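Enquirer:
And the structure:
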């Protein structure tokens, strides 16, 4: 009997894959973390707190987060105009996930050691080849 396999959608093969795509895409985590930690922020405040992000990328990520329902944008029609960003309840629901990841970060030193060990073994192997 021949066994056939059919293509499986990534979200069925790994149900957390879509969550990872949303939450851990580049710059999403620092933006959400900042809004969660410091509350409502103006664009310039976010830019100052996340120093390595460009204004263009910050704008793109904020729009995507707003589209995903994780951030709300409030435009105040005053002179000069004021726009503020705030994490939504849906965004806040990620706090336990972020807390767990922060707890896991104590393992980063072990990851660094493992990388150094691996690199040393690779160098030794390359010298013998």
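Residue numbers (our numbering): 42 to 170. Yeah, the Cβ is synthetic: ideal placement off N, Cα and C, and Gly gets one too. Fair warning: this is a prediction, and the values are worked out from it, not measured in the lab.
#1: Taking the alpha carbon of residue 121 as the point to measure from, which residue in 83, 152 and 130 has its own alpha carbon closest?
#2: Taking the C-alpha atoms as reference points, what is the distance between residue 111 and residue 81?
#3: On the DSSP bridge assignment, give the partners of residue 126 in chain order.
#4: How should residue 72 be labelled, buried or exposed, when 16 other C-beta atoms within 10 angstroms of its C-beta is the threshold for buried?
#5: If you draw a straight line from the C-alpha of residue 63 to the C-alpha of residue 69, how long is it?
#6: What did DSSP end up calling residue 139 once you bin it into helix, strand or coil?
#7: Going by alpha carbons, who is nearest to residue 113 out of 128, 102 and 158?
#8: Taking the alpha carbon of residue 98 as the point to measure from, which residue in 108, 67, 107 and 76 has its own alpha carbon closest?
#9: Please state the DSSP three-state secondary structure of residue 145.
Expert: Looking at the coordinates:
#1: Taking the first residue of the chain shown as position 1, residue 121 is located at position 80. The shortest Cα separation from residue 121 among 83, 152 and 130 belongs to 83.
#2: Taking the first residue of the chain shown as 1, we reach residue 111 at position 70. Taking the first residue of the chain shown as 1, we reach residue 81 at position 40. Answer to the nearest angstrom: the Cα atoms are 13 Å apart.
#3: To locate residue 126, count along the chain shown from 1; it is residue 85. DSSP output for residue 126 lists 82 and 114 as bridge partner(s).
#4: On the chain shown, residue 72 is found 31 positions in, with the first residue counted as 1. The residue in question, residue 72, is buried, as its Cβ has 16 or more Cβ neighbours within 10 Å.
#5: To locate residue 63, count along the chain shown from 1; it is residue 22. To locate residue 69, count along the chain shown from 1; it is residue 28. Spanning the two alpha carbons is a distance of roughly 8 Å.
#6: For the purposes of this step, residue 139 is taken as residue 98 along the chain shown, with counting starting at 1. Of the three classes helix, strand and coil, the one that applies to residue 139 here is helix, per DSSP.
#7: Here the question's residue 113 lines up with position 72 in the chain shown. Checked all of 128, 102 and 158; the closest Cα to residue 113 is 128.
#8: Along the chain shown, read from residue 1 onward, the residue named residue 98 stands at position 57. Closest option to residue 98, Cα to Cα, is 67.
#9: In the chain shown, the residue the question calls residue 145 occupies position 104. Here residue 145 sits in helix by DSSP.
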